[in-house]
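When you line the sequence shown up against the numbering used here, it's residues -2 to 175, in that order.
Think of the CB as a built atom: it goes at the ideal place given N, C-alpha and C, for glycine as much as any other residue.
Just so it is clear, the structure is predicted and the values come from calculations on it, not from any experiment.
For reference, the structure discussed in these notes is given below.
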Amino acid sequence: MTVIELPGERWLPVAGYEGIYEVSDLGRVRSLDRYVVNNLGRRYRVGGRLMKPNVSNQYSYLSIGLNRDGREVRKNIHRLVMEAFAPRDLPVVRHLNGDKNDNRLINLAWGTQSDNIIDSVRHGTHHNGCKTHCKNGHKFTPENTRATKDGRACKRCELEKNRRAARRRAERKVAIPA
C-alpha cells in the first residue's frame, strides 16, 4: 500500500466495508490491499490506495464511491468519519467551522437539523442569513428586526400588516347595518 500516513492519523474500517476500505480521523479514505475474483472466476490482487473524493451532490459535500460485490455506492465522507469514530446519537453531521470540505473528526459533531441551520446562520452560509432587506425593501436593522422561531421578521412590515387588518375590521363594522 502506498498511502502516506500523516503523524497522529488514526484509521478505522468503514462500517459495512470492513477489510475493503478505511477512513481516517483527518477525513481521508483509503482502499486496502485485497484479492478480487473477476467475472471469469480468476482471482487477482488489487493494491490499496488513497481514494480521491468528488464533490457529489447539490449540497457540495465531498463524497467517495465505495465498491462491494460489483456495486458502487456513493457515501459522504463526513458521515463515514463520524460513523467510524463517534457513536451515532443524532441524525445530522454538523461541520463546526462551516467548511464542508473540512472532514476532520475535530470539526465534526452529531446534531439535529435545527443545530445545523443555526450553525449555517452563524457561519454566514445560510441562504437567508446574508439578506440585508426584507421582501418589501425595508432594511434589516436591530431596531427593525424581530427574532422569530423561523428566523427573523421585519417590524415595519408587521406594523403595516396590522394597520391594514385594523382598517378592514373598521370597514366591516361600518358596513354592518344596525
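What three-state label does DSSP hand I61 in the structure shown?
-> Three-state DSSP puts I61 in a strand.
| message | Looking at the strands, I want to know which residues DSSP matches up with G108. | response | Under the DSSP definition of a beta bridge, G108 partners with V89.
Exercise for the section: Using three-state DSSP, classify L37 as helix, strand or coil. Expected result: When DSSP states are grouped into helix, strand and coil, L37 belongs to the coil group.
| field | Sequence-distant residues of the same chain with beta carbon closer than 6 Å to H130, five excluded per side | value | Same-chain partners within the cutoff: K136.
### Query
By how many angstroms is the C-alpha of C151 removed from the C-alpha of N104?
CA-CA distance, N104 to C151, rounds to 34 Å.
**Prompt:** For D22, does the count of other Cβ atoms within 10 angstroms reach 16, so buried, or fall short, so exposed?
**Reply:** Counting Cβ neighbours within 10 Å, D22 comes out buried, since at least 16 surround it.
- Task: Classify N35 as buried or exposed, calling it buried when 16 or more other Cβ atoms lie within 10 Å of its own Cβ.
- Result: With fewer than 16 other Cβ atoms within 10 Å, it is exposed.
### Task
For K132, count neighbouring Cβ atoms within 10 angstroms of its own Cβ and tell me buried if that reaches 16, exposed if not.
Looking at its Cβ environment, which holds fewer than 16 other Cβ atoms inside 10 Å, K132 is exposed.
* **Neighbourhood of G16 by C-beta, 8 Å cutoff - its chain only, sequence neighbours within 5 removed** => Excluding its 5 nearest sequence neighbours in each direction, G16 has C-beta neighbours in its own chain below 8 Å: P10, L29 and R31, listed in chain order.
Review point. Using CA coordinates, which residue listed in Y14, T145 and Y41 is at the minimum distance from L63?
Key: If we check each option's Cα against that of L63, Y14 comes out closest.
query: With distances taken from CA atoms, which of V33, M48 and L37 is nearest D66?
result: Taking only the C-alpha atoms, the option nearest D66 is V33.
Practice item. Jot down the residue ranges of each uninterrupted beta strand (DSSP E) in the stretch 111 to 160, minimum 3 residues, whole runs only, in chain order. Key: Taking only runs of at least 3 residues, the beta strand (DSSP E) segments lying wholly in the stretch 111 to 160 are 142 to 145 and 148 to 151.
Under DSSP, the beta strand (DSSP E) around V70 begins and ends at which residues?
Here the beta strand (DSSP E) through V70 covers R68 to N73.
Legend entry - V171 in three-state terms, based on DSSP: The three-state secondary structure of V171, taken from DSSP, is helix.
**Asked** Hey, is the stretch 80 to 96 in contact with the stretch 35 to 50, meaning 3+ C-beta pairs nearer than 8 Å?
**Response** Segments in contact, no.
Host beta strand (DSSP E) of R190 (start-end) | Residue coverage of the chain in this structure runs from -2 to 175, which leaves residue 190 outside it and unanswerable.
For R116 and A167, I'd like the C-alpha separation in whole angstroms.
Inspection of the sequence shows that residue 116 is occupied by Asp rather than by Arg. Distance between the alpha carbons of D116 and A167 is about 45 Å.
- request: Please work out which residues of its chain come closer than 6 Å, Cβ to Cβ, to R42, disregarding the five sequence neighbours upstream and downstream, and give them in chain order.
  value: These residues qualify, in order along the chain: Y32.
(message) Tell me the residue span of the beta strand (DSSP E) that contains E19.
(response) Segment Y18 to S21, the beta strand (DSSP E) holding E19.
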